[in-house]
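Read left to right, the sequence shown gives residues 0 to 250 (numbering that gives the first Met the number 0). Right, one structure below, let's go through it.
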Amino acid sequence: MSRFPLIAGILFVAFLNTGCGSGLHPKMPEYLGTAKGIVNTDQLRSLSDLQSKTGLLIINDTTAKDSAPPLSQDQLAALTQWIQGRINQDLSIIADQVVTPQDLTPKGIRQFVQTGKEQGLGHLMLVIISSSEIEVPDQFPLCGRVQGGVGCGTTLGFHAENYALAEIAILDVTTSHILLQADGQDWASLDRLNIPLESNLYPVIYRAQGTAPIYPTEEGAHEVLRGVAASEAMIQAIMHLKEAWTNHLPT
Numbered sequence: 000m001s002r003f004p005l006i007a008g009i010l011f012v013a014f015l016n017t018g019c020g021s022g023l024h025p026k027m028p029e030y031l032g033t034a035k036g037i038v039n040t041d042q043l044r045s046l047s048d049l050q051s052k053t054g055l056l057i058i059n060d061t062t063a064k065d066s067a068p069p070l071s072q073d074q075l076a077a078l079t080q081w082i083q084g085r086i087n088q089d090l091s092i093i094a095d096q097v098v099t100p101q102d103l104t105p106k107g108i109r110q111f112v113q114t115g116k117e118q119g120l121g122h123l124m125l126v127i128i129s130s131s132e133i134e135v136p137d138q139f140p141l142c143g144r145v146q147g148g149v150g151c152g153t154t155l156g157f158h159a160e161n162y163a164l165a166e167i168a169i170l171d172v173t174t175s176h177i178l179l180q181a182d183g184q185d186w187a188s189l190d191r192l193n194i195p196l197e198s199n200l201y202p203v204i205y206r207a208q209g210t211a212p213i214y215p216t217e218e219g220a221h222e223v224l225r226g227v228a229a230s231e232a233m234i235q236a237i238m239h240l241k242e243a244w245t246n247h248l249p250t
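And the structure:
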């Protein structure tokens, strides 16, 4: 019997019981303070108005004590470009300007309103990505999990899981109102060998949705793991934001 489902279950329980899940606590309230959301159909419709410029600002929050390391600049830039494309594709919004965070900390909505005004924006879409990560020793079949791993021997390695949270808030820069909020969670896992071997099967990243595995380089494996988990969580967040949009502004 395969021991991988058991390992995943043990990891998940350990993740919850040891406090490693604190990285999944919502971060948006810390950044926006006590600001309250006001859903107004006219304000929502203005998001689709090409005269109202919408900016996209992404924060990779690592303030939790058990947070995964921050994404590299290259990985964050690639993730930002991907998020911008998904938003423009899936929502009735055109996020036509990427805003680079400048010393933005969890201290309230005014800093984001000020940033939006300085950039000449009508709306600001704030995205916060955070995650927690655990890694434990493990053993893997030499011929890989996908092939079934039967009768081919095993080798030692490490199994890591990254749990990501993506939060979105749409701010009206003029009124300082939060128009809509949504979030999404997901995870991805990484199997890597203890001693690098010439193999096209390791390291390997598996996504929670059961889609095809990803085979990163040995050097960038953890970085790719964090980016994959973040993008999967973002897909969930965008889906929930679209649902909220539809509920408040029927077509």
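Just so it is clear, CB atoms sit at the ideal spot from N, CA and C, and this is done for glycine as well. Keep in mind that this is a model prediction, so the values were computed, not measured.
First and last residue of the beta strand (DSSP E) that includes residue i?
i       : result
Tyr-162 : 153–171
Tyr-30  : Element bounds for Tyr-30: not the beta strand (DSSP E) but the alpha helix (DSSP H), 27–31.
Excluding sequence positions up to five away, which residues of its chain have a Cβ less than 6 Å from the Cβ of residue i?
i       : result
Lys-52  : Leu-120 and Gly-121
Leu-155 : Gln-138 and Asn-193
Val-112 : Val-172 and Ser-175
With DSSP run on the structure shown, which of helix, strand or coil describes residue i?
i       : result
Leu-55  : strand
Ile-82  : helix
Leu-125 : strand
Ser-230 : helix
His-24  : coil
Leu-49  : No answer about Leu-49 holds up, because its pLDDT of 48 lies below 50 and its placement is not dependable.
Glu-134 : strand
Gln-272 : The question about residue 272 has no answer, for the chain in this structure spans 0 to 250.
Ile-194 : coil
Asp-89  : helix
Ala-13  : In this predicted model, Ala-13 has a pLDDT of only 45, less than 50, meaning its place in the structure is not dependable; the value taken from the coordinates is given anyway. Three-state result, Ala-13: helix.
Ala-76  : helix
If I measure Cβ to Cβ from residue i and keep anything under 7 Å in the same chain, skipping five residues before and after, which residues do I get?
i       : result
Thr-210 : none
Pro-100 : Leu-56 and Ile-58
Thr-153 : Gln-138, Phe-139, Pro-140 and Leu-141
Met-27  : Ile-127, Glu-166, Ala-168 and Gln-180
Go to residue i, then tell me how far its alpha helix (DSSP H) extends in each direction, as first and last residue.
i       : result
Arg-109 : 109–117
Could you tell me which residues DSSP pairs with residue i in its beta bridges?
i       : result
Tyr-205 : Ser-188
Ala-94  : Thr-53
Leu-179 : Ile-169
Ser-66  : Ser-131
Gly-36  : Ile-177
Pro-140 : Thr-153
Given this structure, state the Cα-to-Cα distance separating residue i from residue j, to the nearest angstrom.
i       : j       : result
Leu-189 : Ala-207 : 11 Å
Trp-244 : Lys-106 : 27 Å
Ala-168 : Gln-180 : 4 Å
Asn-199 : Ile-234 : 28 Å
Glu-240 : Asp-182 : Note that residue 240 is Leu in the sequence shown, not Glu. Approximately 8 Å, taken between the alpha carbons.
Asn-246 : Gly-32  : 25 Å
Lys-116 : Pro-202 : 45 Å
Gly-36  : Ile-177 : 4 Å
Trp-186 : Ile-93  : 28 Å
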